[in-house]
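**Student:** In the working numbering, the protein residues as written are 12 to 466.
Cβ atoms here follow ideal geometry from the backbone N, Cα and C, with glycine treated the same way.
Below is the structure:
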């Protein structure tokens, strides 16, 4: 049965397939996933390290890993003999006769009979386990791991191999004997016979070419029976310290990458936050500026003019300021004849003329409709009239698209010393503007006290 995925309009992700949602979740929690996998890997590495890190070589009867060789003490004048079972490998019978002072017999496993100098690297040997059936008058036997090293060994001369040996206590019958590397020592007679230097007197198992069984020290006369079922050589592929060091290194690398990731992510987050704050500030500034600007001419609107005027007026204690109120003559007729779009073009162009003919510190705004307001610092009345006259002439001389030529009337009021409320100043300039319209328009009129009553 196929899965039915319902679409939630409020959550576009809900329309995606389960596989895509799964991949998206995996991408969002990739570090947590890596951490979880590393925890599992660490647990497995510790819990199953024996099976992962160890290698076991098992020698059993009939194995092709060795070639048998057996011997007695005849070379030393003894008469001890050894007999092997032709029907079962690793099964021999030793007859000790007390003719030689130190009678013995032994059974060797040549690990590579064709290449005597090549054996097994057991340098990381952890244990050697021998499973055998032993019977005899003695309660010990010896085990040798014979190592080849060209610094002291000569191919073809067995006694030059290093005799790493241990004497094992055995009971009659079934024995399972487990030996550690630390149980072995180098035979003293071998060290003396081969004049080994101090640096080479330690146990060495890096090239074991022979494994040898021999009757114990001062073995009592009699018959000894050895029946070996298995020999297990358990070695560690990687040293335990190296293994734990690798696990620790993996965690250090992960933590290092995580810290680096967090630092970079923090920097990214801080940069993103800085950009977001800067964008929010720009939006707020734009919103604030937009609230103070006329949408058409981009000049200050009435609210913007008032906001800008108040701090200036509060700090002004001396000097002269001009308040100029401009009105486009017959603007309604322009809209009626040419359309509001053409009228808007006229207002926009006049705003540009005002901006181009005023200074940076002057306040220029659209007071409302077709009226514009200019507040500027001047030296005297003549300067105010000159500024207003220049504006009037520029507007009259300009050729407006579609409309052609238009004119404007301007009312001027000059205030000295501390500035009064803006509404009052504008009312004086408005009275002068009213007088300019009464006198035929397209002119500049300076406010006189009597105009207030006339207006």
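Under 8 angstroms by Cβ, that's how I've got residue 440 and residue 423 pegged, so tell me the actual separation to the nearest angstrom.
**Tutor:** Position 429 of the chain shown, counted from the first residue, corresponds to residue 440. Position 412 of the chain shown, counted from the first residue, corresponds to residue 423. The Cβ separation is near 6 angstroms, so the contact holds.
**Student:** Based on DSSP bridge pairs, tell me the residues matched to residue 389.
**Tutor:** Start at 1 with the first residue of the chain shown, and residue 389 comes out as number 378. Per DSSP, 331.
**Student:** Beta carbon of residue 107, beta carbon of residue 235: below 9 angstroms?
**Tutor:** Reading the chain shown from its first residue, position 96 is the one you call residue 107. Reading the chain shown from its first residue, position 224 is the one you call residue 235. Against a cut-off of 9 angstroms, the Cβ pair of residue 235 and residue 107 comes out as a contact.
**Student:** Which residue wins for smallest C-alpha separation from residue 362, given the options 319, 343, 409?
**Tutor:** Counting from one through the chain shown, the residue named residue 362 turns up at place 351. Considering only alpha carbons, the answer is 409.
**Student:** DSSP state of residue 315, grouped into three classes?
**Tutor:** As a working note, residue 315 is residue 304 in the chain shown. Three-state result, residue 315: helix.
**Student:** Using the three-state DSSP reduction, which class does residue 26 fall into: helix, strand or coil?
**Tutor:** On the chain shown, position 15 is the one that residue 26 refers to. For residue 26, the predicted structure reports a pLDDT of 49, less than 50, and the residue's modelled location is therefore unreliable. A value from the coordinates is still provided. Looking at residue 26 - three-state DSSP - the assignment turns out to be helix.
**Student:** As a quick exercise: from 407, 258, 79, 188, pick the residue whose alpha carbon is nearest that of residue 144.
**Tutor:** Position 133 of the chain shown, counted from the start, is the residue given in the question as residue 144. Selected option, being the one with the closest Cα: 188.
**Student:** State the CB to CB distance for the pair residue 219 and residue 121, rounded to an integer number of angstroms; the pair is presumed to be in contact (CB under 8 angstroms).
**Tutor:** If you number the chain shown from 1, residue 219 lands on position 208. If you number the chain shown from 1, residue 121 lands on position 110. Not really, about 11 angstroms apart at Cβ, beyond 8 angstroms.
**Student:** Report back the beta-carbon spacing between residue 387 and residue 438 to the nearest angstrom; my notes put them in contact at under 8 angstroms.
**Tutor:** For this step, residue 387 is matched to residue 376 along the chain shown. For this step, residue 438 is matched to residue 427 along the chain shown. About 18 angstroms separates the two Cβ atoms, so there is no contact after all.
**Student:** Using a Cβ-Cβ cut-off of 8 angstroms (strictly less than) and excluding sequence neighbours within five positions of residue 167, which residues of its own chain qualify?
**Tutor:** Reading the chain shown from its first residue, position 156 is the one you call residue 167. Counting only Cβ-Cβ distances below 8 angstroms, and skipping sequence neighbours, we find 127.
**Student:** Less than 9 angstroms separating the beta-carbons of residue 308 and residue 377?
**Tutor:** Working through the chain shown from its first residue, we reach residue 308 at position 297. Working through the chain shown from its first residue, we reach residue 377 at position 366. For residue 308 and residue 377, yes; Cβs fall inside 9 angstroms.
**Student:** Compare the C-beta of residue 311 with all C-beta atoms of chain D and state if any pair is closer than 9 angstroms.
**Tutor:** Absent from the structure is chain D; it holds one protein chain and no more.
**Student:** Taking the straight line between their C-alpha atoms, what separation do you get for residue 90 and residue 110?
**Tutor:** The residue given as residue 90 occupies position 79 in the chain shown. The residue given as residue 110 occupies position 99 in the chain shown. Approximately 6 angstroms between the Cα atoms of the pair.
**Student:** Ends of the beta strand (DSSP E) at residue 164?
**Tutor:** Sequence index remark: in the chain shown, residue 164 carries index 153 (1-based). Taken as a continuous stretch (DSSP letters only), residue 164 belongs to no beta strand (DSSP E), as it is neither H nor E.
**Student:** My guess is that residue 93 and residue 118 are in contact by the Cβ rule of under 8 angstroms, so how many angstroms apart are they, rounded?
**Tutor:** Taking the first residue of the chain shown as position 1, residue 93 is located at position 82. Taking the first residue of the chain shown as position 1, residue 118 is located at position 107. Right, their Cβ atoms sit about 7 angstroms apart.
**Student:** Once the 5 residues before and after residue 198 are set aside, which same chain residues still bring their CB inside 6 angstroms of it?
**Tutor:** On the chain shown, residue 198 is found 187 positions in, with the first residue counted as 1. 174, 176.
**Student:** Can you give the Cα-Cα distance for residue 183 and residue 95, rounded to whole angstroms?
**Tutor:** As a first step, residue 183 is located in the chain shown; it is residue number 172 there, counting from the start. As a first step, residue 95 is located in the chain shown; it is residue number 84 there, counting from the start. Near 20 angstroms, if we compare the C-alpha coordinates of residue 95 and residue 183.
**Student:** Assuming residue 364 contacts residue 405 under a Cβ cut-off of 8 angstroms, what Cβ separation, rounded to an integer in Å, is found between them?
**Tutor:** Indexing the chain shown from 1 puts residue 364 at position 353. Indexing the chain shown from 1 puts residue 405 at position 394. With 8 angstroms as the limit, residue 364 and residue 405 qualify as a contact, their Cβ atoms being about 5 angstroms apart.
**Student:** How would you call residue 155, buried or exposed, if buried means at least 16 neighbouring beta carbons within 10 angstroms?
**Tutor:** Within the chain shown, numbered from 1, the residue matching residue 155 stands at position 144. The residue is buried, with at least 16 neighbouring Cβ atoms inside 10 Å.
**Student:** From the DSSP output, which residues share a beta bridge with residue 136?
**Tutor:** Here residue 136 is taken as the residue at index 125 of the chain shown, counted from 1. Per DSSP, 246.
**Student:** What is the rounded straight-line gap between the Cα of residue 245 and the Cα of residue 165?
**Tutor:** Here residue 245 refers to the residue found at position 234 when the chain shown is read from its first residue. Here residue 165 refers to the residue found at position 154 when the chain shown is read from its first residue. Cα to Cα, residue 245 sits roughly 28 angstroms from residue 165.
**Student:** Measuring alpha carbon to alpha carbon, tell me which of 397, 58, 265 ends up nearest residue 44.
**Tutor:** Along the chain shown, one-based indexing puts residue 44 at 33. Of the candidates 397, 58, 265, the one whose C-alpha sits nearest the C-alpha of residue 44 is 265.
**Student:** Mind checking which residues open and close the beta strand (DSSP E) that includes residue 82?
**Tutor:** One-based indexing of the chain shown puts residue 82 at position 71. 78–83 is the span of the beta strand (DSSP E), which, as asked, contains residue 82.
**Student:** Measure the alpha-carbon distance for residue 230 versus residue 62 and round it to whole angstroms.
**Tutor:** As a first step, residue 230 must be located in the chain shown, where it is residue number 219. As a first step, residue 62 must be located in the chain shown, where it is residue number 51. Whole-angstrom Cα-Cα distance: 39 angstroms.
**Student:** Within 10 angstroms of the Cβ of residue 223, are there 16 or more other Cβ atoms? Answer buried if so, exposed if not.
**Tutor:** For the purposes of this step, residue 223 is identified with residue 212 of the chain shown, where counting begins at 1. The residue is buried, with at least 16 neighbouring Cβ atoms inside 10 Å.
**Student:** Are residue 201 and residue 240 close, meaning C-beta to C-beta below 9 angstroms?
**Tutor:** What you label residue 201 is simply residue 190 of the chain shown in a count that begins at 1. What you label residue 240 is simply residue 229 of the chain shown in a count that begins at 1. The answer is no: Cβ separation not under 9 angstroms.
**Student:** Taking the beta carbon of residue 297 as the centre, do at least 16 other beta carbons fall within 10 Å, making it buried, or is it exposed?
**Tutor:** Within the chain shown, the letter at position 286 stands for residue 297. Looking at its Cβ environment, which holds fewer than 16 other Cβ atoms inside 10 Å, residue 297 is exposed.
**Student:** Thinking C-alpha only, which one of 457, 85, 81, 88 is nearest residue 97?
**Tutor:** Working through the chain shown from its first residue, we reach residue 97 at position 86. Minimum Cα distance to residue 97 is reached at 81.
**Student:** Distance, Cα to Cα, residue 275 vs residue 267?
**Tutor:** For this step, residue 275 is matched to residue 264 along the chain shown. For this step, residue 267 is matched to residue 256 along the chain shown. Computed Cα separation, rounded: 12 angstroms.
**Student:** Return the residue from the list 342, 434, 255, 370 that minimises the CA-CA distance to residue 448.
**Tutor:** Indexing the chain shown from 1 puts residue 448 at position 437. Checking every option, the nearest Cα to that of residue 448 belongs to 342.
**Student:** Would you kindly check if the distance between the Cβ of residue 179 and the Cβ of residue 65 is under 9 angstroms?
**Tutor:** Translated into the one-based positions of the chain shown, residue 65 becomes position 54. Translated into the one-based positions of the chain shown, residue 179 becomes position 168. In this structure, residue 179 does not lie closer than 9 angstroms to residue 65 by Cβ.
**Student:** Taking Cβ positions, are residue 421 and residue 336 nearer each other than 9 angstroms?
**Tutor:** The residue labelled residue 421 in the question sits at position 410 within the chain shown. The residue labelled residue 336 in the question sits at position 325 within the chain shown. Contact: yes.
**Student:** I need the straight-line Cα distance from residue 323 to residue 394, nearest angstrom please.
**Tutor:** Reading the chain shown from its first residue, position 312 is the one you call residue 323. Reading the chain shown from its first residue, position 383 is the one you call residue 394. Distance between the alpha carbons of residue 323 and residue 394: 20 angstroms.
**Student:** Nearest-angstrom Cα distance between residue 428 and residue 418?
**Tutor:** Taking the first residue of the chain shown as position 1, residue 428 is located at position 417. Taking the first residue of the chain shown as position 1, residue 418 is located at position 407. Spanning the two alpha carbons is a distance of roughly 33 angstroms.
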